[in-house]
């Protein structure tokens, strides 16, 4: 639909198309209120599924290609390799960072689809805070009761699940991760039977020394294979911590592999049964038992209940002690740190923003549950347990109301997470988690406003006085990040819909700033030639900004059918298309007011400054309308387009002519003749009559059709419907001026050709010249008959235009008649004499203007030159008689009267 627009990313276009199609499902939703909420939340699920499907396709393609590459170059031409290439032919090979970008987007929608239903519940399901029972009822599921009692806890549980799923989907296979460590354990494929090498060393010591029973834990004779470190003397799980001794180096690798595996299983939210199976395979059942204290698996099918809450409190504190003061490996401490809800001992093994958020969220949820259980148990029961230390993550960050925001902000200063935390998508995720999305989107709008106005003022994306120097622009999506804007805008629109459903009213100034993101995305759609999507997104803007943004972004849509399609889409979306097309020209005129100039002093010049000749009279200046432009000034072009748009909407008779007259006046007052000429060609008075009133105008090359249409009574019963014809006549007057000048310029060019000694006249020259002179005469009729004197209101601009153009146009017309009379037929010279008589009449509207302008003397001299030419020239260059002979004879004119007898 666009002219000369570069098509950007096909990938962006595909994504934008899918998201727009989904968004359109809730446009103009008129169902019950409860159903609207469901429809909005279903939309979040749809966005998630779109991004999830795209991610899975990309992962499958990447994994397939990786497997082929791993087989070696000799398999490049195997059938399997070619099948993979064929299957993934339409899937671009993505870099690790590009794949990570897809993962982050999918994760973002996953956060939203889980958290928004909790933050925007159905009104009828919102319960008052219930009074908690004094003690836990037998058989009660205290974990489920805890979650139901606290929405924040539900949110954190959902956040954990998203982080667990992401880690599980994007992480390497756990067996692959521990494989290197197990190989260093020097045990082949044996993953069971614990510390094999340490057990063998202990048995060896017993055999060498003939010892029976447990070895002395203080014995200095039992050392590792290097002989430098004391070896444990027993094989129970906590012996390393209790004795302060070492395992054989191979078993230390094995132990590290076990703890790494346990950490990954917990981090990925694997079910207790999976963790148990993994540990049983390695004969480490005790580890599985220690990890089953709370049902924090992301597996919703796994049923978990807490039968002994007091034991849970005690076990959490035991794990905390093991995390803080026990353990020989970071992963072991991290495992106990997760189980106890600690952060300090988990952080050392965190390698990403997600890992740190998981650690913090896990700690917060476990702290919340710990506090809930203590409140539900009798005080004397928990008194002893409360003396033991446990990390209280909720109070560790100060204000409980902003705890999430506080710890998320710390990730921006942590050297291990700062780079990732400052990514705009992670900033958005932080805002989603901390429920500060409104502030994030407002900050985004401020940043976009600053960027858009960096070099010149932008009205589509205005800057705001709310911008703060402390705002870090790097943390927000830039204008160039079209995919980032797509994500952000659809998040914004979801929240706007939910807030509207909830009856919340946003601050007007904040809303305006937030809408900068939407305006930037609309521009991105335009740059990608996705014009058919513009109405949908513009309809989401508030007030006049909707029409303003749409009008500026469709300025390159030039095809009439494309414009009609847009108008139909707008109607479907509930937008008032009549209001839109009227808004366009008025907003342009308001945004770009006329520059004050002294129009009369500038002057309009048609005639050359040289003496008249008998043959040509005073010659017309070449190209007096100005140089023909390849493109009009953008504002001029949009003004003309705005009138073209008005033709496509039924009604608006008065408005269309009024706007057209206003645009003509603007162009003509500034001598912007090329723009005025373009308007006269692209939107004619006849077009408006045909389209708006259904009046048949078979030929508009002569403005006499206007009077004939009025006199024929076609408007007899339509005056009330179509309004006054006065403004229409004004429009025709201004159009006639430009069409007359256009033909005059062509006639002047013909005269210049005849003066060129190299010019060879063709047989078509004179007939063509006669046609142009005929057009001049036709369009001069409205100008000679009360031009711009008929008006509904007193308009000083009309008086100004008469002074600016009438004198020069009348003189130019006399020059055309002179040239036509000497080159074609003396009838044109007779018409000049008739014109002189008409101007001399008492009620002439032209004579006063000529006198006021001081040009009457020139006009008299021009008529005298015509009279002289008429007297001298007796030949009629045209074959056949003149069509106007009868008319002149009836008026008493006779060409022979003016001939000089020889």
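Numbering (the UniProt record's numbering), first residue to last: 1 to 902.
Where is the CB? At the ideal position from N, CA and C, for every residue including glycine.
Under the three-state reduction of DSSP output, residue 613 falls in the strand class.
Measuring C-alpha to C-alpha distances from residue 93 to each of 161, 11 and 41 identifies 11 as the nearest. For residue 277, the enclosing alpha helix (DSSP H) covers residues 272-281.
By the neighbour-count criterion, in which 16 or more other beta carbons inside 10 Å mark a residue as buried, residue 828 falls on the buried side. Listed in chain order, the beta strand (DSSP E) runs fully inside the stretch 469-507 amount to none, counting runs of at least 3 residues. Secondary structure of residue 710 (DSSP, three-state): helix. When the beta-carbon positions are compared, residue 484 and residue 464 stay at least 7 Å from each other. Residue 779 sits away from residue 731, with the two beta carbons spaced by 7 Å or more. Within the DSSP secondary-structure output, residue 231 pairs in a beta bridge with 246. In terms of Cβ geometry, residue 617 and residue 815 form a close pair [threshold 7 Å]. Inter-residue distance for residue 144 and residue 156 is about 14 Å (C-alpha atoms, whole angstroms). In terms of Cβ geometry, residue 467 and residue 446 form a close pair [threshold 7 Å].
Per DSSP, the continuous alpha helix (DSSP H) segment holding residue 439 begins and ends at 437-452.
Contact between the stretch 156-167 and the stretch 411-418 is absent: fewer than three C-beta pairs spanning the two stretches fall below 8 Å.
A contact is defined here as three or more CB-CB pairs under 8 Å, and the stretch 573-582 fails this definition with respect to the stretch 592-610. Beta-bridge analysis with DSSP links residue 620 to 607.
DSSP places residue 787 in no alpha helix (DSSP H); its state is neither H nor E. For the pair residue 387 and residue 376, the Cα-to-Cα distance works out to about 17 Å. In this structure, residue 242 sits away from residue 329, with a CB-CB distance that is not shorter than 7 Å. With a 10 Å radius around the Cβ and a threshold of 16 neighbouring Cβ atoms, residue 535 comes out buried. For residue 356, the enclosing alpha helix (DSSP H) starts and ends at 353-376. At the C-beta level, residue 342 and residue 311 stay beyond 7 Å of one another. Sequence-distant partners of residue 761 (beyond 5 residues in either direction) whose C-beta falls short of 8 Å from its own C-beta, in its chain, are 754. Under the three-state reduction of DSSP, residue 18 is assigned to helix. Residue 807 places its beta carbon less than 7 Å from that of residue 850. Listed in chain order, the alpha helix (DSSP H) elements of length 4 or more contained wholly in the stretch 635-722 are 653-669, 673-682, 685-688, 704-711 and 719-722.
Taking residue 349 as the centre and dropping the five residues before and after it, the same chain places the C-beta of 263, 330, 331 and 334 closer than 7 Å to its C-beta, in chain order.
Taking C-beta atoms as the reference points, residue 271 and residue 307 fail to come closer than 7 Å. DSSP, read as helix, strand or coil, puts residue 391 in coil. Taking 7 Å as the cut-off, the beta carbon of residue 54 is found no closer than this to the beta carbon of residue 22. Annotated as distal: residue 249 and residue 233, with beta-carbon spacing of 7 Å or more.
Look at residue 587 here: in three-state DSSP terms it is helix. For residue 429, the enclosing alpha helix (DSSP H) stretches over residues 424-434. The residue from 660, 451 and 706 with its alpha-carbon nearest to that of residue 695 is 706.
At the C-beta level, residue 525 and residue 538 stay beyond 7 Å of one another. The alpha-carbon of residue 34 is positioned some 12 Å away from that of residue 117.
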